[in-house]
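Going by the working numbering, the letters in the sequence shown line up with residues 147 to 295, in that order.
Glycine included, each C-beta is placed from N, C-alpha and C at the ideal position.
In what follows, a structure is listed as structure tokens, so that the remarks can point back to it.
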Amino acid sequence: MRHKIPVSTLVVIHTRDLDVLLLERADRPGYWQSVTGSQDEGETLIQTAIREVSEETGLDANKHDLADWNTRNVYEIFPIWRHRYPPGVTHNTEHVFGLTVPRDANIRIAPGEHLGFVWLPHEEAAAKCFSWTNRDAILALPTRLTGDL
147 MRHKIPVSTL
157 VVIHTRDLDV
167 LLLERADRPG
177 YWQSVTGSQD
187 EGETLIQTAI
197 REVSEETGLD
207 ANKHDLADWN
217 TRNVYEIFPI
227 WRHRYPPGVT
237 HNTEHVFGLT
247 VPRDANIRIA
257 PGEHLGFVWL
267 PHEEAAAKCF
277 SWTNRDAILA
287 LPTRLTGDL
């Protein structure tokens, strides 16, 4: 098995009306999140974000408004997922992006990765996320859209 690089992107997919797309993890039913995934060797962060959006939702991020939020989170990797990383790696550095899409965007989830998806108002979406970094990113969405950050 090839180990993951402990650098990832989190992409909050949302509408201009602050509805947020959440995906339910296939390997952990009941765990809801935005698009997220590890950087592949040689990729830029923007390339990682675009690839992950495509793989997990079928959307082409190049056709929508993708924004680097210039936010970086360092967090402890859940023990259940540490085997995916090189021995001794316990923390990941996550880079946050936002992707504005229309509410009727054609979402096609990756069946091996996700069980389903839901659009929720941002506060409900934030409350449903298992990850504190995902929750905080979603809660920052109104400020991000007004350009105050």
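Need the endpoints of the alpha helix (DSSP H) that residue i sits in, please.
i: residue 120; result: Residue numbering for the chain in the displayed model covers 147 to 295; residue 120 lies beyond these limits and cannot be assessed.
i: residue 287; result: 287-292
i: residue 268; result: 268-274
Is the separation between the beta-carbon of residue i and that of residue j shorter than 7 Å?
i: residue 256; j: residue 201; result: yes
i: residue 181; j: residue 271; result: no
i: residue 157; j: residue 195; result: yes
i: residue 241; j: residue 191; result: yes
Quick test of your reading: residue i and residue j, contact by CB under 8 Å. State the CB separation rounded to the nearest angstrom.
i: residue 155; j: residue 187; result: 15 Å between Cβ atoms; not a contact.
i: residue 171; j: residue 204; result: So it is not a contact: roughly 17 Å between Cβ atoms.
Please go through the same chain and pick out, in chain order, the residues whose beta-carbon is closer than 6 Å to the beta-carbon of residue i, but skip the five residues on each side of it.
i: residue 151; result: 184, 185
Tell me which residues share the same chain as residue i and place their Cβ nearer than 8 Å to its Cβ, disregarding the 5 neighbours each side in the sequence.
i: residue 228; result: 235, 236
i: residue 239; result: 152, 153, 154, 218, 219, 220
i: residue 294; result: Note that residue 294 scores a pLDDT of 47, beneath 50, so its modelled location is shaky; the value from the coordinates is reported in the next line. Closer than 8 Å at the Cβ level, and outside the excluded window around residue 294, lies no residue.
i: residue 189; result: 197
i: residue 262; result: 169, 170, 255
How long is the line joining the alpha carbons of residue i and residue j, rounded to whole angstroms?
i: residue 224; j: residue 249; result: 32 Å
i: residue 169; j: residue 175; result: 10 Å
i: residue 244; j: residue 159; result: 6 Å
i: residue 288; j: residue 208; result: 22 Å
i: residue 269; j: residue 277; result: 14 Å
i: residue 266; j: residue 211; result: 19 Å
i: residue 214; j: residue 280; result: 15 Å
i: residue 163; j: residue 233; result: 43 Å
Here's a check: name, in chain order, each residue in its chain whose Cβ is nearer than 7 Å to the Cβ of residue i, leaving out the five neighbours to either side.
i: residue 222; result: 236, 237
i: residue 274; result: 168, 178, 266
Starting from residue i, follow the beta strand (DSSP E) in both directions and report where the run begins and ends.
i: residue 168; result: 165-171
i: residue 297; result: Given a span of 147 to 295 for the chain in the structure shown, any question on residue 297 remains unanswerable.
i: residue 187; result: First-last for residue 187: undefined, no H or E at that position.
i: residue 154; result: 153-160
i: residue 222; result: 211-222
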